[in-house]
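**Q** So in our numbering, the last one in the sequence shown is 460, and the numbering has no gaps at all.
Every residue gets a Cβ at the ideal spot worked out from N, C-alpha and C, and that includes glycine.
Note that this is a predicted model, so its numbers are computed, not measured.
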Amino acid sequence: MNRFAFYFFAWAAWILIIVGCSGHTFQYQTDSDLRSLRDAGPVYPAARFIVLSDIHYYDPVLGDSGSAFQNALMYDRKLLLESREIVDAAVQEIAGEIFDFLIVCGDLTKDGEMINHQGMRDVLTRISRSGVKVYVVPGNHDVANGNAVKFEGKEKIPVETITGEAFAEIYRDFGYEKALYRDPDSLSYVAEPVPGLWILALDSCRWKENRPDQHPVPGGAFSTETLKWMEDVLIQAKRSGKAVIGVMHHGILEHYQGNEKYFPWYLVEEHSAIAKMLVEYGVSLMFTGHFHAQDITAKRFHDPDGVLYDVETGSLITYPSPYRVLTITEDQKAKIESRFISSIPSHPDDFPAFSKNFVYRNTLHITDRALKKYWMSEQDRSAVAPGVAHAYLAHLRGDEQKPESLPETEGLGLWGSVMIWMRKDLIEGWWTDLPPADNQIQIDLTTGQYIETGHVPD
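1) Closer than 8 Å is the cut-off here; do at least three beta carbon pairs connect the segment 58–71 with the segment 328–343?
2) Residue 312 by DSSP, collapsed to three states: which one?
3) If you run the structure through DSSP and keep just helix, strand and coil, what is residue 23?
4) Residues in the same chain with beta-carbon distance under 6 Å from residue 23, minus the five sequence neighbours each way, listed in chain order, please.
5) Pick out the complete beta strand (DSSP E) segments inside the segment 101–174, 3 residues or longer, and give them in chain order.
6) Please report how far the alpha carbon of residue 63 lies from the alpha carbon of residue 46, in whole angstroms.
7) Using a Cβ-Cβ cutoff of less than 7 Å, which residues in the same chain neighbour residue 85 once the five nearest sequence positions on both sides are dropped?
8) On the premise that residue 441 lies in contact with residue 76, defined as a C-beta separation below 8 Å, what is that separation, rounded to the nearest angstrom?
9) Select from 249, 132 and 215 the residue whose C-alpha is nearest the C-alpha of residue 310.
10) Should residue 462 and residue 398 be called a contact, given that it needs their Cβ atoms to be closer than 9 Å?
11) On the three-pair Cβ rule with 8 Å, is the segment 115–129 touching the segment 158–174?
12) Within a Cβ cutoff of 6 Å, which residues of the same chain sit near residue 402, ignoring the five residues on either side of it in sequence?
13) Comparing alpha-carbon positions, which option in 420, 213, 267 and 426 lies nearest residue 407?
14) Suppose the cutoff is 6 Å on Cβ atoms and the five residues either side in sequence are ignored; what does the same chain contact list for residue 218 look like?
15) Around the C-beta of residue 449, are 16 or more other C-beta atoms found within 10 angstroms, so that it is buried, or is it exposed?
16) Assign residue 451 to buried or exposed, taking buried as 16 or more other Cβ atoms, counted over all protein chains shown, within 10 Å of its Cβ.
17) Determine the DSSP secondary structure at residue 417, reduced to helix, strand or coil.
18) Kindly indicate the opening and closing residues of the beta strand (DSSP E) around residue 337.
19) Does DSSP put residue 377 in a helix, in a strand, or in coil?
20) Taking Cβ to Cβ, would you say residue 111 is nearer than 9 Å to residue 90?
21) Under 9 Å, do residue 271 and residue 222 count as touching if we go by C-beta distance?
22) Take the Cβ of residue 100 as the centre, count every other Cβ of all protein chains shown within 10 Å, and call the residue buried at 16 or more, exposed below.
23) Would you check if the distance between the CB atom of residue 246 and the CB atom of residue 438 is smaller than 9 Å?
24) Secondary structure at residue 365, three-state DSSP: helix, strand or coil?
25) In the DSSP assignment, what are the bridge partners of residue 325?
26) From residue 153 to residue 83, what does the alpha carbon distance come to, in whole angstroms?
27) What first and last residue would you give for the beta strand (DSSP E) that runs through residue 191?
28) Counting along the chain, where does the beta strand (DSSP E) carrying residue 1 start and finish?
29) I believe residue 137 touches residue 52 by the beta-carbon criterion, under 8 Å. Please report the beta-carbon distance rounded to the nearest angstrom.
30) For a minimum of 4 consecutive residues, which ranges assigned as the alpha helix (DSSP H) are wholly contained in the segment 207–294?
31) Going by the CB atoms, is the gap between residue 203 and residue 239 shorter than 9 Å?
32) Distance, Cα to Cα, residue 367 vs residue 443?
33) Assign residue 34 to buried or exposed, taking buried as 16 or more other Cβ atoms, counted over all protein chains shown, within 10 Å of its Cβ.
34) Name the DSSP bridge partner or partners of residue 472?
35) Using CA atoms only, rank isn't needed, just tell me which of 284, 135, 422 and 387 is closest to residue 371.
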């Protein structure tokens with residue numbers, strides 16, 4: 003190789019490295035003066051609040067029978083028919099709690115239908131009438147969704163969805179109208195529900211990329227402008243002595259081994275860099291949803307030393323129908339408790355078993371359809387699907403207890419054995435609970451350490 007060729011390829015390789023590693027540059031990385039803010043650790047005021055996620059409200063006026071609806075229901079893990087009953091049960095339970103505010107981590111509706119947003123707004127209005135403040139962020143299903151339809155017999159008929167501007171108008175009483183700051187490039191905002199505590203309510207969704215009659219973009223990302231706005235807000239919070247908690251739909255940390263490998267669209271893009279930036283400004287708690295699992299994961303960072311907790315809350319209308327109660331005390335402890343809807347009018351005594359069986363059965367259908375695309379035989383699909391369904395259910399519930407043995411390839415055909423070998427780490431990931439515990443814990447917001455405060459029986 004002559005000298006010219008050597009330098010040309012070296013230059014090309016350098017360009018590829020730079021492009022491959024490119025990303026948003028945060029202010030703290032280049033402005034040394036901002037490092038002085040590290041010493042001002044946040045002091046959290048006492049607060050108690052409720053966390054809901056992925057409510058996927060569905061008005062049966064859009065259809066509750068017919069082959070089109072039944073086919074959609076067969077490949078869905080959400081209890082759409084029971085949606086309003088579950089929501090009503092949750093509202094009734096919440097009414098018995100004493101709390102300062104409530105947050106919803108996105109996916110308020112089935113698929114962004116205007117009528118479902120109007121119904122969800124009415125539900126939140128009922129909650130807020132007691133004087134409780136409510137704050138929402140959008141999920142990937144909520145805005146400009148091409149899947150907004152009604153069901154009539156064999157047909158799926160498009161219905162009105164909403165724009166980003168309409169989302170902020172519909173939910174103006176739930177964060178937007180009285181926001182301290184609004185991001186002009188997204189539906190992100192800042193609110194102060196109790197003196198001294200800011201909610202950084204983030205719109206992590208890519209609804210601007212959605213197109214009519216197409217599936218909405220499931221992944222999450224922030225524009226350069228929103229990242230700049232986010233950091234400006236955090237700098238202001240530090241200088242004003244405000245503690246900050248974050249809320250968004252997509253995950254900020256991986257929740258199981260293989261999360262980013264198999265389902266990257268459940269994590270916001272550049273999540274590692276954004277998580278590091280949040281810790282830089284003293285953020286310890288980020289409340290998320292999207293995967294419908296009751297799962298908490300954490301990551302410790304150095305320089306500065308700090309821990310970020312990604313507290314994912316499962317879907318209210320998917321097994322096990324959870325919500326969370328958070329209590330922050332003046333001694334800088336955050337107690338996280340899980341609650342589960344245990345009864346609805348149509349299933350007063352067997353709702354947990356009914357919902358678990360519903361998700362198990364439909365996960366079998368979804369798994370079978372997915373494996374069929376890889377030309378796996380019907381016999382092998384029938385052997386593999388139950389193991390996948392059980393692992394998924396365990397992850398939804400949280401605090402997974404890994405069984406002694408996982409699905410084996412014995413008895414499967416050659417291609418079935420190859421497929422299990424290629425995907426076995428995903429099943430192991432769903433069964434392996436990354437620390438900390440998922441349902442009942444207490445976090446020391448000063449040190450980042452946690453203790454388990456109980457176990458939720460299945």
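**A** Quick look at the numbers:
1) no
2) As a working mapping, residue 312 is identified with position 310 in the sequence shown. Note: residue 312 maps to strand in three-state DSSP.
3) As a working note, residue 23 is residue 21 in the sequence shown. With a pLDDT of 37 at residue 23, under the threshold of 50, the modelled position of this residue cannot be trusted, and the question is left open.
4) Here residue 23 is taken as the residue at index 21 of the sequence shown, counted from 1. Model confidence at residue 23 stands at a pLDDT of 37, short of 50, so the residue's coordinates are unreliable; what they give is reported in the following sentence. Cβ within range, chain order: n/a, list empty.
5) 103–106, 135–138, 151–154 and 157–160
6) As a working mapping, residue 63 is identified with position 61 in the sequence shown. As a working mapping, residue 46 is identified with position 44 in the sequence shown. When rounded, the distance between both Cα atoms is 44 Å.
7) Numbered from its first residue, the sequence shown carries residue 85 at position 83. The residues are 58, 59, 60 and 319.
8) Residue 76 sits at position 74 when you count from the first residue of the sequence shown. Residue 441 sits at position 439 when you count from the first residue of the sequence shown. The Cβ separation is near 30 Å, so there is no contact.
9) Along the sequence shown, one-based indexing puts residue 310 at 308. The candidate whose alpha carbon is nearest that of residue 310 is 249.
10) Because the chain in this structure spans residues 3 to 460, residue 462 falls outside the shown range and cannot be described.
11) yes
12) Here residue 402 refers to the residue found at position 400 when the sequence shown is read from its first residue. Correct list, in chain order: 396, 433 and 435.
13) Taking the sequence shown and counting its residues from 1, the one referred to as residue 407 is at position 405. Out of 420, 213, 267 and 426, 426 has the C-alpha closest to the C-alpha of residue 407.
14) Counting from one through the sequence shown, the residue named residue 218 turns up at place 216. Taken in chain order, the residues that qualify are 142, 147 and 212.
15) On the sequence shown, residue 449 is found 447 positions in, with the first residue counted as 1. When all chains shown are included, residue 449 counts as exposed.
16) To locate residue 451, count along the sequence shown from 1; it is residue 449. Burial call: exposed.
17) Here residue 417 refers to the residue found at position 415 when the sequence shown is read from its first residue. Residue 417: helix per DSSP, three-state reduction.
18) Stepping through the sequence shown from its first residue, residue 337 is reached at position 335. It spans 335–342 - the beta strand (DSSP E) in which residue 337 sits, taken as one unbroken run.
19) As a first step, residue 377 is located in the sequence shown; it is residue number 375 there, counting from the start. Three-state result, residue 377: coil.
20) Here the question's residue 111 lines up with position 109 in the sequence shown. Here the question's residue 90 lines up with position 88 in the sequence shown. Contact: no.
21) To locate residue 271, count along the sequence shown from 1; it is residue 269. To locate residue 222, count along the sequence shown from 1; it is residue 220. Contact flag set, yes.
22) Within the sequence shown, the letter at position 98 stands for residue 100. Residue 100 is exposed by the Cβ-count criterion.
23) Residue numbering aside, residue 246 sits at position 244 when the sequence shown is read from its first letter. Residue numbering aside, residue 438 sits at position 436 when the sequence shown is read from its first letter. Their beta carbons are not under 9 Å apart, which means residue 246 does not touch residue 438 by this criterion.
24) If you number the sequence shown from 1, residue 365 lands on position 363. Three-state DSSP puts residue 365 in a helix.
25) The residue given as residue 325 occupies position 323 in the sequence shown. DSSP lists 341 as partners of residue 325.
26) Locating residue 153 in the sequence shown gives position 151, where the first residue counts as 1. Locating residue 83 in the sequence shown gives position 81, where the first residue counts as 1. So the two alpha carbons sit approximately 13 Å from each other.
27) To locate residue 191, count along the sequence shown from 1; it is residue 189. First-last of the beta strand (DSSP E) with residue 191: 191–196.
28) Outside the modelled stretch of the chain, which goes from 3 to 460, sits residue 1, for which no answer is possible.
29) Indexing the sequence shown from 1 puts residue 137 at position 135. Indexing the sequence shown from 1 puts residue 52 at position 50. So it is not a contact: roughly 11 Å between Cβ atoms.
30) 226–242, 261–264 and 273–282
31) The residue you call residue 239 lines up with position 237 of the sequence shown. The residue you call residue 203 lines up with position 201 of the sequence shown. No, the Cβ-Cβ distance between residue 239 and residue 203 is not below 9 Å.
32) Indexing the sequence shown from 1 puts residue 367 at position 365. Indexing the sequence shown from 1 puts residue 443 at position 441. Distance between the alpha carbons of residue 367 and residue 443 is about 35 Å.
33) The count along the sequence shown starts at 1 and reaches residue 34 at position 32. Result: exposed.
34) Within the shown structure, residues of the chain are numbered from 3 to 460, placing residue 472 beyond reach of any answer.
35) Stepping through the sequence shown from its first residue, residue 371 is reached at position 369. Of the listed residues, the one whose Cα sits closest to residue 371 is 387.
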